[in-house]
Amino acid sequence: MKRTSEAAFETAIESVLLGDGYTRINGKGFDRERAIFPDEALAFIRTTQGKVWEKLEALHGEQTGARVLESLCKWLDTHGTLATLRHGFKCFGKTLRIAFFRPAHGLNPELEARYQANRLGLTRQLHFSPKSEKSLDVALSINGIPVLTLELKNPLSGQTAANAIHQYRHDRDPREPIFVFTKRALVHFAVDTEEAHMTTNLAGTSTHFLPFNKGWGGGAGNPPDKNSRNYKTAYLWEEVLQRDSLLDLLARFLHVDVQEKVMDDGKKVRKESLIFPRYHQLQAVREMVAAAASEGVGHNYLIEHSAGSGKSNTIAWLAHRLSSLHNERDERLFDSVVVITDRVVLDRQLQNTIYQFDHRQGVVQKIDEDSRQLAEALEAGVPIIITTLQKFPFVSGQLMKLAEARGEGAKSHLPTRKYAVIIDEAHSSQSGETATELKGVLGGAELRRKAQEMAEEEGEVELERLFRSMAKRGQQPNMSFFAFTATPKHKTLAIFGRNGEPFHRYTMRQAIEEGFIEDVLKSYVTYKTYYKLIKKAEDDPNVERKKAAKALARFMRLHPHNIGQKTEVMVEHFQHFTRHKIGGHAKAMVVTGSRLEAVRYKQEFDRYITEKGYPIKSLVAFSGTVEDDKLPEKTYTETGMNDGLKEKDLPGSFAKPDFRVLLVAEKYQTGFDQPLLHTMYVDKRLAGIQAVQTLSRLNRTHPLKDDTFVLDFVNDPAEIQEAFRQYYEGSVMGEQVDPDKLYTVKAELDASGVYLQTEVAEFARVFFAPKRRQSPTDHKNMNAILDQAVARFAQLQNTEEEEAELWRGKVQAFRNLYSFLSQVIPYQDSDLEKLFTYLRHLALKLPKRKSGPGYQFDEEIELDYYRLQKISEGSISLTEGYAKPLDGPREVGTGEDREEYVVLSRLIDIINERFGGELSEADQLFFDQIAEAASQNESLRRAAEVNSLDKFQLVFRQILESLFIERMEFNEELFSDYMGKPEMQELVSKWLGNQVYERLNRSNTRSNSQ
1 MKRTSEAAFE TAIESVLLGD GYTRINGKGF DRERAIFPDE ALAFIRTTQG KVWEKLEALH
61 GEQTGARVLE SLCKWLDTHG TLATLRHGFK CFGKTLRIAF FRPAHGLNPE LEARYQANRL
121 GLTRQLHFSP KSEKSLDVAL SINGIPVLTL ELKNPLSGQT AANAIHQYRH DRDPREPIFV
181 FTKRALVHFA VDTEEAHMTT NLAGTSTHFL PFNKGWGGGA GNPPDKNSRN YKTAYLWEEV
241 LQRDSLLDLL ARFLHVDVQE KVMDDGKKVR KESLIFPRYH QLQAVREMVA AAASEGVGHN
301 YLIEHSAGSG KSNTIAWLAH RLSSLHNERD ERLFDSVVVI TDRVVLDRQL QNTIYQFDHR
361 QGVVQKIDED SRQLAEALEA GVPIIITTLQ KFPFVSGQLM KLAEARGEGA KSHLPTRKYA
421 VIIDEAHSSQ SGETATELKG VLGGAELRRK AQEMAEEEGE VELERLFRSM AKRGQQPNMS
481 FFAFTATPKH KTLAIFGRNG EPFHRYTMRQ AIEEGFIEDV LKSYVTYKTY YKLIKKAEDD
541 PNVERKKAAK ALARFMRLHP HNIGQKTEVM VEHFQHFTRH KIGGHAKAMV VTGSRLEAVR
601 YKQEFDRYIT EKGYPIKSLV AFSGTVEDDK LPEKTYTETG MNDGLKEKDL PGSFAKPDFR
661 VLLVAEKYQT GFDQPLLHTM YVDKRLAGIQ AVQTLSRLNR THPLKDDTFV LDFVNDPAEI
721 QEAFRQYYEG SVMGEQVDPD KLYTVKAELD ASGVYLQTEV AEFARVFFAP KRRQSPTDHK
781 NMNAILDQAV ARFAQLQNTE EEEAELWRGK VQAFRNLYSF LSQVIPYQDS DLEKLFTYLR
841 HLALKLPKRK SGPGYQFDEE IELDYYRLQK ISEGSISLTE GYAKPLDGPR EVGTGEDREE
901 YVVLSRLIDI INERFGGELS EADQLFFDQI AEAASQNESL RRAAEVNSLD KFQLVFRQIL
961 ESLFIERMEF NEELFSDYMG KPEMQELVSK WLGNQVYERL NRSNTRSNSQ
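For the sequence shown, position 699 (counting from the first letter as 1) is numbered 699 according to the numbering used here, and the numbering increases by one without interruption.
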């Protein structure tokens, strides 16, 4: 046998599996008509169920074997292989089992012995067809029933897995008994030495194979063997098809997914698919379950799985496994598994999937009514509870009502139980106050006991609720969190990660390369708008630069000519390109910058489409009521603009063929799955996680979808690329938060005199009073206490507005920092919790900022010219450069700068030039800011005092580079130019150096003369 042949590859796989408990079965014993190994099946039943066999033999004598096989095959043909393996079959009133799976715990030696009696068979070159002598390279069977087939190829003999896929599609008739969907073999692998692909449904030339690879370097494929001694695909037979693993897959992973769809003509179509886990799903679930079993309760697991990772199934498998997980001492690890999700589809999927494994009702309960239903499910210890996060703050009150109804007094807490909490799409909301409420509810009696202890130690027994509030912020010893997300923020990595790393990762790059999602940046086009604004009014008003910029930009964006021209570009592009895509069914989304813009776009779209007579219908999505800024008393609603279509019906209506374009403002930019979405027109500033989530609406795959398209009117491709790259090969945790900042900000707030310590203490005493001490006057008293500080703040606002705004910013900084840090650091400082609670309430009562001058430019400015110039068409590459780390919250200020006043025409010049030539006035503004920062630099001030201009320039050049880097996000285009062009560096450094040197010398001269 040649060492490079397929037979040699077969032999290598066979030797591993035979060494792991498989038995070699001769293909001659295969019944081709019935597609089973009859002798194996009967031998297993006789050995493991002798008593039932004897009863049947008493009835049928020598015909017993034939009767049992007849019943078995009939049951397989009716109910399928999976259900028959799991639940057995009926034979003349008796239940017979054709497989025994390992129990969740080892309490029953008889069940363990039956599990060990399973006969796993391996057959090479199996002649499977009653009509021909075609053969399969390898078939694996369980107790005589074929469950898995493999076609093997060896690249060294000139063939790859692609040839195996071709063979399955063209040379394996799906009507052959062994291949009939779900009735015999369940999964088919096309394998070579480099890659593995699998399918659960042979359907001729339309058979769809999925990659079953580990992933390599953040992308698709498989890593080479570390010791250079094994095949890249060895994990398939050494891990996945290993005896215990294959039986576990059949018992607790494979399931039939049934989806019913109502067609346009009203007919219901039922689609069945058999789900076999992809490699990363199998690995993630098994690793989490193993870690939970060995580590016990009270740990966090962050799963960073990209869109297209099959998260719903991963969560279903994990929930089922955790609900029956036992530790080494055979004790159940979790009393209940709580799944936190906002997705309706997950409820149905979890219930259906888990019922197939367990065949028991009542294992899963969906909380779809109110917090009372959640309280009842938690009290009853339902194994798997599916709910939203928002219901938890109300559970304590409901528990009290339930206890009172039973005559048990006012008991508002659960007994201490152990919980696994699975969070679907963990992001910053999971780290807020509602998540703290969840911990408070599930913490139960033990959390109360801990709070009492802390209160007694501090000598503040009356403030037990304060200590309970503190205790529930930290990690709870009776809860393990399993948090899933595609786009983790710094907070998520810090709270749920391990040393800032996820427990398991499946990257966007791997999902794209494996074909599970589309690469939405492949066809990305930006339009930069060039426009020139001229002044109408004779006199320039003095204006604040930022306010003027905002007002000018708003005028420009909402000017009819602007939206009119952009609408023309969008509609014409859709009419000529997009509508022909995806078999003529493609749809588009327009992302607008505000609700009023969405209204204007809807009006303009409808007008232009009608004028042109195009067969395109649009829908608009925005929340609430929008007032027209031109026509007093005129208002718009989503339902009104969509001709009476209800909000909840919009996704369903948009799915229908007649609606092709959806215009959105802050809606449907996350979690909206519509595979027919092909094109996105972006007229909104996007950054970071929002850019990723918004553009990812296009990434859902469809059999006829071979590309996507983004037309962006606003954003810089470099910024979009930066946002995506953070999640493309996995996010990187950036700079840690400094816990000392918290005490620094607290000290500054305390010293301000806006509130007194006695007021904070008194507020906490009333707020955290035990239930029995609470009274109807508490609300009035708390407001009265807060009003003292509100009055002082208002006074400060009247005399020193900027100082007041700085103080407001520090309040927000303290709240952000404490809310985040208290989940990472177990603070024992009750003063922090008191101040946090006090400031949360005070912030709501503080008067709004007294705004500076607002500008209305419509009368002063008209559009001189306006054109759209295509500046960059083509693909954004995500493989270049590196990902920016995700930094934690910093101390924040007012969010308001001390703005210098400029003349309007200068500001207009800046806006004109910014989008024109090589260097613009906006870049000049950027340089001015750098010059200002350099003028404040102490080293440069000293250098200017004692050096000539030439020598000063040498020092300045070094410091200038660090100033550019610090401000790069304000003008990345200019930063790139500066860093990449030596001649530009030279010019800028000299020009700015002169400015700063002159400024510093003037300043030094002034201070010396005083």
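Where is the CB? At the ideal position from N, CA and C, for every residue including glycine.
Exercise. Figure out for me which residue from 748, 659, 612, 573 has the closest Cα to the Cα of residue 587.
Key: Looking at the Cα atoms, 659 is the closest of the given residues.
Quiz item: Which same chain residues, not among the five before or five after residue 209, have their C-beta less than 6 Å away from its C-beta?
Solution: Closer than 6 Å at the Cβ level, and outside the excluded window around residue 209, lie 165, 197, 199.
Quiz item: Given a threshold of 16 other Cβ atoms within 10 Å of its Cβ, counted over all protein chains shown, does residue 874 qualify as buried or as exposed?
Solution: Note on residue 874: pLDDT 44, under 50, position unreliable in the model; the coordinate value appears next. It counts as exposed.
Self-check item: Backbone secondary structure at residue 316 - three-state DSSP
Solution: Assignment of residue 316 by DSSP, reduced to helix, strand and coil, places it in the helix class.
Quiz item: Is residue 544 helix, strand or coil when you go by DSSP?
Solution: Because the pLDDT of residue 544 is 47, which lies under 50, any placement of that residue in the model is unreliable, and the number read from its coordinates should be weighed accordingly. Three-state DSSP puts residue 544 in a strand.
Quiz item: In whole angstroms, what is the alpha-carbon distance linking residue 24 and residue 312?
Solution: 38 Å
Quiz item: When you compare each of 593, 583, 314, 174 to residue 485 by their alpha carbons, which one comes out closest?
Solution: 314
Quiz prompt | Residues near residue 622 by beta carbon distance below 8 Å, same chain, minus five either side | solution = Within the same chain, residue 622 has close Cβ partners 595, 598, 599, 638, 664, 665, 666, 667.
Quiz item: Can you name, in chain order, every residue of its own chain whose Cβ lies under 6 Å from the Cβ of residue 9, other than the five neighbours on each side?
Solution: 152, 154
Exercise. Classify residue 188 as helix, strand or coil using the three-state DSSP reduction.
Key: The answer is strand: DSSP assigns residue 188 an E or B state.
Quiz item: DSSP state of residue 301, grouped into three classes?
Solution: DSSP, reduced to helix, strand and coil, places residue 301 within a strand of the structure shown.
Exercise. Tell me where the alpha helix (DSSP H) around residue 1021 begins and ends.
Key: Because the chain here runs from 1 to 1010, residue 1021 falls outside it and cannot be looked at.
Exercise. Please list, in chain order, all residues of the same chain as residue 698 whose beta carbon is under 6 Å from its beta carbon, the five residues on each side excluded.
Key: 520, 677, 680, 708
Exercise. Go ahead and pull the three-state DSSP assignment for residue 408.
Key: Residue 408 falls in the coil class under three-state DSSP.
Quiz item: Just to confirm, are residue 35 and residue 178 a CB contact at a threshold of 8 Å?
Solution: For residue 35 and residue 178, yes; Cβs fall inside 8 Å.
Self-check item: Where the alpha helix (DSSP H) containing residue 171 begins and where it ends
Solution: 161–171
Quiz item: Measuring CB to CB, does residue 127 end up less than 8 Å from residue 217?
Solution: No.
Practice problem: Figure out for me which residue from 646, 137, 39 has the closest Cα to the Cα of residue 123. | Solution: 137
Practice problem: Name, in chain order, the residues that DSSP records as bridge partners for residue 141. | Solution: 121, 146
Exercise. Note down, in chain order, each residue of its chain lying with its Cβ closer than 6 Å to the Cβ of residue 162, except the 5 sequence neighbours on either side.
Key: none
Quiz item: How is residue 516 classed by DSSP in three states: helix, strand or coil?
Solution: coil
Exercise. Check whether the stretch 686–693 touches the stretch 511–518, counting contact only when three or more Cβ pairs, one atom from each stretch, lie closer than 8 Å.
Key: They do not touch, by the three-pair rule.
Quiz item: What separation, rounded to the nearest whole angstrom, lies between the Cα atoms of residue 384 and residue 317?
Solution: A straight line joining the alpha-carbon of residue 384 with that of residue 317 spans about 12 Å.
Self-check item: Beta-carbon gap between residue 609 and residue 571 smaller than 8 Å
Solution: yes
Quiz prompt | For residue 246, the first and last residue of its enclosing alpha helix (DSSP H) | solution = 243–252
Quiz item: Taking the Cβ atom as the reference point for each residue, do residue 748 and residue 834 lie within a distance shorter than 8 Å?
Solution: Against a cut-off of 8 Å, the Cβ pair of residue 834 and residue 748 comes out as no contact.
Quiz prompt | Beta-carbon proximity check, residue 480 vs residue 292, cutoff 8 Å | solution = yes
Exercise. Could you tell me the boundaries of the beta strand (DSSP E) in which residue 836 lies?
Key: Counting along the chain, residue 836 sits inside no beta strand (DSSP E); it lies in the alpha helix (DSSP H) bounded by residues 830–845.
Exercise. Can you give me the Cβ contacts of residue 271 inside the same chain, cut-off strictly under 6 Å, excluding the 5 residues immediately before and after it?
Key: Counting only Cβ-Cβ distances below 6 Å, and skipping sequence neighbours, we find 259.
Quiz item: What did DSSP end up calling residue 714 once you bin it into helix, strand or coil?
Solution: coil
Self-check item: First and last residue of the uninterrupted alpha helix (DSSP H) at residue 939
Solution: Per DSSP, residue 939 belongs to the alpha helix (DSSP H) from 938–946.
Exercise. Would you check if there are 3 or more beta carbon pairs closer than 8 Å linking the stretch 221–239 to the stretch 52–62?
Key: no
Practice problem: Measure the alpha-carbon distance for residue 261 versus residue 655 and round it to whole angstroms. | Solution: In this structure, the alpha-carbon of residue 261 lies about 12 Å from that of residue 655.
Exercise. Report yes if the CB atom of residue 288 is closer than 8 Å to the CB atom of residue 503, and no otherwise.
Key: yes
Quiz item: Does the separation of the CB atoms of residue 186 and residue 81 fall below 8 Å?
Solution: yes
Practice problem: Determine the direct distance from the alpha carbon of residue 563 to that of residue 683, and round the result to whole angstroms. | Solution: 10 Å
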